[in-house]
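What follows is a single structure, written as structure tokens, with notes after it.
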Amino acid sequence: MFSIKENVNNEIVINKSRFITELIKINNEDEIINILNNIKKKYPNATHYCYAYICGSKRKCSDDGEPRGTAGIPILNVLEKHNLNNILCVVIRYFGGIKLGANGLVRAYSKSVSSLIESIDIVELVEGYEITLKFDYNATKSIDYLLKEYKIIKKEYSATITYIFEISKKDYEIISNQIKDYEINKKNIIINKYE
């Protein structure tokens with residue numbers, strides 16, 4: 054399973070129609086409506102906003118007014134071909150006056166997405182945890198040393214210190230004995246694989 058390092062976009066022109074592709078990392082389906090609304094504001098007056106997403110085991114696509122099966126499904130097929138997950142792909146079309154026909158639309162939407170994916174870095178995703186770890190100030194040095202390899206998302210300082218970080222399940226098993234005496238909260242997530 055793979056995803057993108059960062060949100061990216063590109064534009065291609067086919068028979069005077071502009072196809073703008075946006076690839077956006079997502080963590081859950083709840084984000085999608087807001088992202089689509091923002092894209093419609095970013096690209097006003099487009100003829101179509103076709104999309105597909107894969108988030109965990111959930112998949113969905115939309116032709117947004119294009120003939121059925123000519124936009125959303127081809128977008129989804131390209132995402133699946135590249136084994137992408139936690140991804141939303143929106144292809145914005147500004148009609149250029151020349152009809153492409155059903156086969157031409159399928160090729161255009163597929164090409165728009167595949168040309169972008171093939172030009173960017175893809176990262177592997179692995180199962181992991183988002184860990185909330187609470188500890189006393191006197192443990193800061195040893196915790197900082199233990200977690201130096203991991204992405205600490207947030208640090209909070211109050212009566213105790215709270216770190217929120219991401220870690221693969223494999224790596225969690227390695228360090229779990231060293232943090233077992235502290236207050237720990239684990240949430241299952243999918244994270245970028247790191248070396």
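If you're matching positions, the sequence shown starts at 54 in this note's numbering and goes up one per residue.
Every residue gets a Cβ at the ideal spot worked out from N, C-alpha and C, and that includes glycine.
*Name the DSSP bridge partner or partners of THR215?*
Beta-bridge pairing links THR215 to LYS187 and GLU209.
_I need the DSSP call for GLU75, collapsed to helix, strand or coil._
Of the three classes helix, strand and coil, the one that applies to GLU75 here is strand, per DSSP.
*Bridge partners of GLY181, per DSSP?*
GLY181 is bridged by DSSP to SER221 and ILE242.
*Give the DSSP-derived three-state secondary structure of LEU141 in the structure shown.*
Assigned with DSSP and collapsed to three states, LEU141 falls in strand.
_3 or more residues per run - each beta strand (DSSP E) lying fully within the region 98–147_ = Fully enclosed beta strand (DSSP E) runs of no fewer than 3 residues occupy 101–108, 111–115 and 140–147 of the region 98–147, in order along the chain.
*Please say whether LYS240 and GLU183 have beta carbons closer to each other than 8 Å?*
Yes, these two residues count as a Cβ contact at 8 Å.
_Alpha carbons only, please: which of ILE73, ARG71 and ASN80 is nearest the one belonging to ILE57?_
Distances from the CA of ILE57 to each of ILE73, ARG71 and ASN80 were compared; the closest alpha carbon is that of ASN80.
*For the candidate residues ASN238, VAL179 and ASN90, whose alpha-carbon lies nearest to that of PHE55?*
Ranking the options by Cα distance to PHE55, first place goes to VAL179.
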